[in-house]
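Going letter by letter, the sequence shown gives residues 11 to 292 in this note's numbering.
Glycine included, C-beta positions come from ideal geometry on N, C-alpha and C.
Since the model is a prediction, treat every value here as computed from it, not as a measurement.
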Amino acid sequence: MSIATSQQLTKYYDTFRTIAVTYTKEVVRSTGLQPQSVFLKCLGEQWPCVIYSSSFDEAKVLAPNKQALMERITKANGLVSVRLAFKLSDASDPVLFFVSGKVNGFSPYAQSNGSLQFISLQFTQRPPDDFVEIMGRLLEANVNSARRSDNRILLTPDAIRTIGLARKESTVLIDGVPRRCILRDLSFSGAKVIIVGLAKFLVGKPCVLRIDLDDPRETVAIAGSVVRYEDVEGRKDLTAIAVKYNDGTIPMSYKMHINDYLGQKKNQSDDEQAPSAPSKAR
């Protein structure tokens with residue numbers, strides 16, 4: 011994961027401060043959250059809990075419904091902290107930190123027969139930068155996947171490295187038949203790949219494109235359909251086909267890889283356009 015600047019962190023915080031994220035399995039996997047290392051701390055004692063949702067202002071956790079915990083929360087006037095842990099791809103050890111807050115509500119968790127409860131808390135200070143960066147990347151990728159859905163990225167060696175692609179060589183399953191392919195360009199909403207043979211009769215067929223990613227290493231499979239084809243100049247044996255992904259099937263981790271690339275290119279463009287300081291008169 012690239013390191014965000016203080017300016018980028020401030021942008022994440024100000025833009026997404028009140029937007030709550032529910033920790034689905036996909037969000038947990040994409041952020042690297044370590045569920046077994048999440049605890050609610052009050053007056054020096056910790057209880058294992060599940061973080062259900064959070065924004066940069068508040069959180070909701072699923073915690074034990076125990077008298078000892080309730081007594082401590084009362085004694086502490088509701089002041090608690092949540093310990094979070096995230097495994098980042100470029101670090102050998104998880105990133106651990108506490109977020110301070112004040113309890114502002116309890117509600118039963120019906121499926122636990124009274125053994126668990128939801129605890130809502132309001133953060134009493136801005137969360138640590140690591141948390142703002144991790145969740146900010148995810149939120150920004152989700153917004154930009156709609157706003158910049160058709161921005162195509164030609165897969166040059168630099169783009170492959172910046173996106174975090176393991177390789178250009180891949181496989182696309184078209185109408186149930188696997189075909190080897192080479193990735194030519196990617197976007198939030200689709201891809202262009204090169205295959206061997208004619209593609210005229212593939213237009214409109216359902217497909218699944220497999221893409222190998224690095225940092226972290228994983229293979230995503232994205233469902234879509236072939237929407238058009240075109241010849242490859244100088245190669246009669248090859249055809250380029252355009253794949254449009256099905257809405258709702260695009261993995262969050264893929265969105266984050268694409269967004270990281272577009273963000274880096276935007277920062278580079280801004281740096282190039284920034285006026286240089288005038289030289290002093292001699």
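Between which two residues does the beta strand (DSSP E) holding residue i run?
i           : result
residue 293 : What is shown of the chain runs 11 to 292, which leaves residue 293 out entirely.
residue 94  : 89-96
residue 50  : 49-52
residue 244 : Residue 244 -> no beta strand (DSSP E), and no H or E assigned at all.
Candidates the options: which alpha carbon is nearest residue i's?
i           : options           : result
residue 216 : 152, 184, 194     : 184
residue 134 : 180, 68, 107      : 68
residue 28  : 167, 36, 63       : 63
residue 223 : 81, 213, 263      : 263
residue 266 : 66, 125, 147      : 147
residue 76  : 236, 124, 14, 179 : 124
residue 26  : 36, 144, 83, 235  : 144
What residues in its chain sit with their C-beta under 6 Å from that of residue i, if we drop five residues either side in the sequence?
i           : result
residue 130 : 70, 114, 115
residue 43  : 96
Who are the Cβ neighbours of residue i in its own chain at under 7 Å, not counting the five residues just before and after it?
i           : result
residue 49  : 56, 57, 58, 59, 93
residue 45  : 38, 60
residue 160 : 197, 199
residue 91  : 51, 108, 109, 110, 111
Who are the near neighbours of residue i in its chain, counting only those whose CB is closer than 8 Å to its CB and skipping five residues on each side?
i           : result
residue 289 : Reliability of the predicted coordinates at residue 289 is poor, the pLDDT of 47 falling under 50, and no value is obtained from them.
residue 287 : Any answer about residue 287 is weak, because its pLDDT of 49 lies below 50 and its placement is not dependable; what the coordinates show is given next. Once the five neighbours on either side are set aside, residue 287 has no close Cβ partner at all.
residue 247 : 206, 207
residue 176 : 222, 223, 224, 227
If I'm right that residue i touches residue j with Cβ under 8 Å, what's the distance once you round it to whole angstroms?
i           : j           : result
residue 127 : residue 73  : 6 Å
residue 47  : residue 104 : 7 Å
residue 23  : residue 142 : 5 Å
residue 165 : residue 194 : 6 Å
residue 201 : residue 249 : About 14 Å separates the two Cβ atoms, so there is no contact after all.
Which first and last residues belong to the alpha helix (DSSP H) in which residue i is found?
i           : result
residue 167 : 167-173
residue 19  : 16-26
residue 40  : 35-41
In the DSSP assignment, what residue or residues form a beta bridge with residue i?
i           : result
residue 195 : 164, 202
residue 255 : 234
residue 181 : 190, 220
residue 142 : Bridge partners of residue 142: none, in fact.
residue 74  : 126
Does the CB of residue i have a neighbour CB from chain B at under 8 Å?
i          : result
residue 14 : Here there is only one protein chain, and chain B is not present.
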